[in-house]
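**Q**
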Amino acid sequence: MAHQAQLGFQDAASPVMEELLHLHDHAMMVVFLISAFILYIITLMITTTLTHTGTMDAQLVETVWTILPAIILVLIALPSLRILYLMDEVNNPHLTVKAVGHQWYWSYEYTDYEDLMFDAYMTPTQDLAPGALRLLEVDHHMVVPTNSPTRMLISAEDVLHSWALPSLGIKTDAVPGRLNQTTFTATRPGLFYGQCSEICGSNHSFMPIVVEASTTNDFENWSLTMLQT
Ligand SMILES: [Cu+2]
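For what it's worth, our numbering labels the leading residue of the sequence shown as 88, then goes sequentially.
(1) Here's the rule: buried if 16 or more other CB atoms are within 10 angstroms of the residue's CB, otherwise exposed. What is Ser-254?
(2) Just to confirm the assignment: which complete beta strand (DSSP E) runs, minimum length 3, are found wholly within the region 246-294?
(3) Among the residues of its own chain, which have a CB less than 8 Å from the CB of Met-204, if the five just before and after it don't count?
(4) Is Gly-264 near ligand 1, with its Cβ less than 8 Å from a heavy atom?
(5) Quick check on the burial criterion: 16 or more other C-beta atoms within 10 angstroms. Buried or exposed for Ile-154?
(6) Please determine, among Leu-223, Met-239, Thr-303, the residue with the shortest C-alpha to C-alpha distance to Pro-295.
(7) Which one of Arg-238, Ala-273, Val-118 has the shortest CA to CA distance from Ala-186?
(8) Throw me the rounded Cβ distance for the Ala-251 and Met-229 pair, which I believe falls under 8 Å.
(9) Taking the alpha carbon of Leu-162 as the reference point, which residue from Val-118, Gly-95, Ser-292, Val-246 has its own alpha carbon closest?
(10) Measuring straight from C-alpha to C-alpha, what distance separates Gln-268 and Leu-173?
(11) When DSSP builds the beta bridges, which residues end up paired with Trp-191?
(12) Would the C-beta of Gly-281 count as close to ligand 1, meaning under 8 Å from any of its heavy atoms?
(13) Output yes or no for whether 9 Å exceeds the beta carbon distance between Ile-121 and Ile-158.
(14) Check whether the Cβ of Glu-307 lies closer than 8 Å to any heavy atom of ligand 1, and answer yes or no.
(15) Below 8 Å, is the gap between the Cβ of Glu-285 and the nearest heavy atom of ligand 1?
(16) Given 8 Å as the limit, tell me if Trp-191 has its C-beta closer than that to any heavy atom belonging to ligand 1.
(17) What would DSSP say about Thr-183, mapped onto helix, strand or coil?
(18) For Ile-125 and Ile-286, what's the separation of their Cα atoms in angstroms?
(19) Put Glu-307 into one of helix, strand or coil per three-state DSSP.
(20) For Ser-292, which residues in the same chain have their Cβ closer than 7 Å to its Cβ, ignoring the five residues on either side in sequence?
Here's what the structure looks like:
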């Protein structure tokens with residue numbers, strides 16, 4: 088999760104998020120270089136009195152300042168498109184989890200199992216265990232095995248919601264009557280926190296998402312205990 092006053096992204100927990108962080112850094116490099124260059128030009132223009140009153144046109148410099156920005160834009164657009172298609176790819180997932188948004192909680196269905204489904208409500212502040220995160224903890228974690236491609240099917244029961252998990256690089260709208268699909272592979276075990284990211288009503292802030300990535304063994308044990316209860 089994010090720490091106090093964090094400005095950057097959370098650490099990546101999936102390959103796609105890793106790629107997104109790289110793209111962000113790449114784009115920021117371009118932004119900083121252009122900003123520095125512009126700042127330099129502005130200072131030059133303010134501090135010099137030189138003006139070219141006789142210059143009517145300059146074909147070469149005009150060609151350069153047209154072609155160069157175009158090339159820079161392509162250099163940002165191509166990696167961006169690559170990740171866009173990468174995020175869209177769902178090949179042979181090991182597990183499918185269906186998340187349904189409700190006012191105001193999430194419910195999860197593990198469609199590979201016959202009867203594995205549960206609701207995840209936010210833990211109220213007064214019930215929090217010491218050290219637990221306020222407004223982020225839920226009563227039932229969505230458990231997934233690490234290093235297994237997982238398919239998320241996302242929908243909503245009543246109004247628009249959005250299933251978002253920053254460290255996995257996921258933010259998918261939950262739309263009533265529509266089943267959205269996305270995929271992720273958790274590369275390390277841990278608890279990953281997210282929140283509903285579509286203003287969905289008065290308790291919008293109180294329907295967090297907790298994904299618990301565990302080993303395959305722990306996942307199997309968890310699914311067995313969930314099936315028994
Ligand atoms: Cu919501």
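The C-beta atom is built at its ideal place from N, Cα and C for all residues, glycine as well.
**A** Well, looking at it:
(1) buried
(2) 248-252, 257-261, 267-271, 277-282
(3) Ser-194, Tyr-195, Glu-196, Tyr-197
(4) no
(5) So Ile-154 ends up on the exposed side.
(6) Leu-223
(7) Arg-238
(8) Between Met-229 and Ala-251 the Cβ distance is about 13 Å, and since that is not below 8 Å, they are no contact.
(9) Val-118
(10) 13 Å
(11) DSSP, once it has assigned bridges, lists no residue as partnering Trp-191.
(12) no
(13) no
(14) no
(15) yes
(16) Under cutoff, so the answer is yes.
(17) strand
(18) Near 38 Å, if we compare the C-alpha coordinates of Ile-286 and Ile-125.
(19) helix
(20) Leu-222
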